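This report concerns only the one structure given below.
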Amino acid sequence: MSDHDDQASGAEPQRLALDSWHRNHGGRMVEFAGYWMPVQFEGIMAEHLWTRENAGLFDVSHMGQLYLKGPEVDVALETLLPGEFQGLTDRKLRYSLLLDDSGGIIDDLMATRRGEDFYLVVNGATKHNDIEVMRQALPAGIYVDHMTSQALLALQGPKAADILEIIVPGVSGLGFMEGDAFHAFGHPLWISRSGYTGEDGFEISIPAVAAEALADALVADDRVKPIGLGARDSLRLEAGLPLYGHDLDRKTTPVMAGLTFAIQKRRRAEGGFPGAPRILAELEEGPVQKRVGFDVEGRQPVREGARVLDGEGNEVGKITSGGFSPSLQRPIAMGYVAAGLAEPGTGLKLEQRGKLFDGTVAPMPFVPHRYHRKGA
Amino acid sequence: MTTYFTREHEWIKVDGDTATVGITDHAQEALGDIVFTEVPEAGKQLAKGQEAAVVESVKAASDVYSPVSGEVIEGNQAVVDDSSLVNSDPEGEGWFFKIRMGDPGELDGMMDEGAYRDWVKTL
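Protein chains in written order, with the numbering used here: chain A, 308 to 683; chain B, -10 to 112.
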């Protein structure tokens, strides 16, 4: 028996603050983004469904936490990102994209205004390059601090708010995409109501030395179980959320990826971000390719790398993420297709290892989001 | 009947010139939740080491290679209908296919159960 995609390994992976905690809780550790990380605990299917029903604890400490300080950080950030940051309210999060000069995506990220400063969370595998790009492009007076002594834990699921409120009183007052400073275990925490599963939930930035105490306190509640990377991936796929390095890369633009919500009105009018000429033209005329979801006929998953074919057998796109949906109990996928074939309901063929599958372009998310929007 | 094991984590239960092939408990444990299984049809000729079946978990697809050459007598429809059988009973009801062996000499040098279980502990 052999896996179709064995991963090559390079240097010895680093250990996260919760490394031994994961091992003691039965985590099966794999190398990911340069770290040892738990791919699963009791099993991907069970962990996935548990998160959708209860609450799952995810260690996402491999992600880069950056703190940007200096004069007019918001104005400076707008030279790198296509979002509206000057007008972003204090303690609000905004999803954004670090772009190259041709509008290709260097990384996707979350940016939060903290007074005059900004707190960014970027992907683990790309963080070092992101920091390099920012330090080179931002004015000399702006300092990019890589917060390497902070851990980042996410608690996700419909019971997350009730559970975290017990440990961190007041936290359930946050609305979706809001953050604030809290205090617990003798340490300051920065908590936002956000995540990447499609469920209500929180991301908790905590000094690494206190990460075990928080993880212990959370799993002491029997509604919380530790969740690995495997379920994190199947949850975000069901939620229709793109994963950098798979669904997003330098060859994709925010418009191709269907992330135009991240380009606010003033930025569309004024431009002034990397790749603006191309991106504004794509907004105007439509992109050549679009990111779409697929329902896949049958039981067999169609995964990243499968080709998308039209009725005549011409290649019209590629699958960039795919797998078996634990919630829907059938295969689902995400990929790019020629814009003319991106309408939901369009029937296409998917080719994987010489075998053809019937796929239908499907609206995303596959499983509805259940974010806690204030006033909703 | 004797059961042999391979380093690819397959088991081969031999009865005369007929062998039943499946994946080991260690293999199903490593794969995790199995969501799809494809087995060879009766009559198919397989060479030793040829791709014979496909098993997919939530996270990955894997090939199962035939540990011996011969003609497939039967693919196990039960694991096609319910792939979780490979997780729950990998070395029993969760078998993949039965094959009429062309060369029983191919079994020479394969591990017996004790040797396999000891070897797995070293992985």
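Glycine included, every Cβ here is placed at the ideal spot set by N, Cα and C. All figures in this text were calculated on a predicted structure; none of them were measured in a lab.
*asked:* Any C-beta of chain A within less than 8 Å: which residues of the stretch 13 to 25 of chain B qualify?
replied: Among the residues of the stretch 13 to 25 of chain B, those with a Cβ less than 8 Å away from any Cβ of chain A are A16, G21, D22, V24 and F25, in the order of the chain.
*asked:* Using a Cβ-Cβ distance cut-off of 9 Å, determine whether E27 of chain B contacts chain A.
replied: yes
*Provide the residue(s) that pair with R401 of chain A in DSSP beta bridges, ordered along the chain.*
A:A418
*Can you name the start and end residues of the beta strand (DSSP E) that A41 of chain B belongs to?*
E40 to S46
*Three-state secondary structure (DSSP) of E485 of chain A*: strand
*Closest Cα partner of S499 of chain A within the set A:D437, A:V526, A:R420 and A:I639*: A:R420
*Going by C-alpha distance, which of A:E385, A:G537 and A:S327 is nearest L356 of chain A?*
The residue among A:E385, A:G537 and A:S327 with its C-alpha nearest the C-alpha of L356 of chain A is A:G537.
*asked:* For a quick check, are the C-beta atoms of G505 of chain A and L542 of chain A less than 9 Å apart?
replied: yes
*Quick one: Cα of M(-10) of chain B to Cα of F25 of chain B, how far?*
29 Å
*For Q314 of chain A, count neighbouring Cβ atoms within 10 angstroms of its own Cβ and tell me buried if that reaches 16, exposed if not.*
Annotation note: pLDDT 48 at Q314 of chain A (below 50); position unreliable, coordinate value reported separately. Under this definition Q314 of chain A is an exposed residue.
*Return the CA-CA distance between F509 of chain A and F673 of chain A, expressed in angstroms with no decimal places.*
22 Å
*Apply the 10 Å Cβ neighbour rule to D92 of chain B and answer buried if 16 or more other Cβ atoms are within range, or exposed otherwise.*
Burial call: exposed.
*What are the uninterrupted segments assigned as beta strand (DSSP E) that are 3 or more residues long and contained completely in the stretch 574 to 605 of chain A, given in chain order?*
596 to 603
*Per-residue contacts from M344 of chain A into chain B (C-beta, under 7 Å)*: Near M344 of chain A there are no residues of chain B at all, since even the closest Cβ is about 13 Å away, more than 7 Å.
_Please state the DSSP three-state secondary structure of E338 of chain A._
It is a strand residue.
*Step through the CB atoms of chain B and report whether any lies within less than 9 Å of the CB of H553 of chain A.*
no
_Outcome for L400 of chain A when other beta-carbon atoms lying within 10 angstroms are tallied against a minimum of 16_ = Classification for L400 of chain A: buried.
*Is there at least one Cβ from chain B nearer than 9 Å to A353 of chain A's Cβ?*
For A353 of chain A, the closest Cβ of chain B is nearer than 9 Å.
*asked:* Given this structure, state the Cα-to-Cα distance separating I1 of chain B from V44 of chain B, to the nearest angstrom.
replied: Rounded to whole angstroms, I1 of chain B to V44 of chain B spans 17 Å at the Cα level.
*Quick one: is F601 of chain A near chain B, going by C-beta distance under 9 Å?*
no
_Residue from B:Q39, B:D4, B:D70 and B:W108 whose Cα sits closest to the Cα of R89 of chain B_ = Residue B:D4 is the option with its Cα nearest to R89 of chain B.
*Tell me, which residues are paired with Y374 of chain A by DSSP?*
A:Y426 and A:D452
*Near S632 of chain A, what residues of its chain come up, given a Cβ to Cβ distance below 8 Å and the 5 sequence neighbours on each side ignored?*
S541, L544, E545, P638, I639, F673 and V674
*Pair within 9 Å by beta-carbon distance, L459 of chain A and I511 of chain A*: Yes, the pair counts as a contact, with Cβ atoms nearer than the cut-off.
*How big is the Cα-Cα spacing for L663 of chain A and W497 of chain A?*
Cα-Cα distance, rounded: 48 Å.
*In or out: F568 of chain A buried (at least 16 other Cβ within 10 Å) or exposed?*
It counts as exposed.
*What residue does the alpha helix (DSSP H) around I474 of chain A start on, and which one ends it?*
A467 to I474
*Straight-line gap, D97 of chain B to P56 of chain B (C-alpha atoms, nearest Å)*: 11 Å
*Cβ contact (3+ pairs, closer than 8 Å) linking the stretch 513 to 521 of chain A and the stretch 331 to 339 of chain A*: Counting Cβ pairs under 8 Å, fewer than three are found: no touch.
*Positions along the stretch 73 to 105 of chain B whose CB lies within less than 7 Å of some CB in chain A*: none
*What do you reckon, are the CB atoms on A669 of chain A and F601 of chain A nearer than 9 Å?*
Taking 9 Å as the Cβ cut-off, A669 of chain A and F601 of chain A qualify as a contacting pair.
*asked:* Counting C-beta neighbours from all protein chains within 10 Å, is the total for D101 of chain B 16 or more, i.e. buried, or is it exposed?
replied: exposed
*By a C-beta neighbour count over all protein chains shown, 10 Å radius and 16 as the cutoff for buried, is H435 of chain A buried or exposed?*
When all chains shown are included, H435 of chain A counts as exposed.
*By the 10 Å Cβ neighbour count, where 16 or more other Cβ atoms means buried, how is Q393 of chain A classified, buried or exposed?*
Q393 of chain A is exposed by the Cβ-count criterion.
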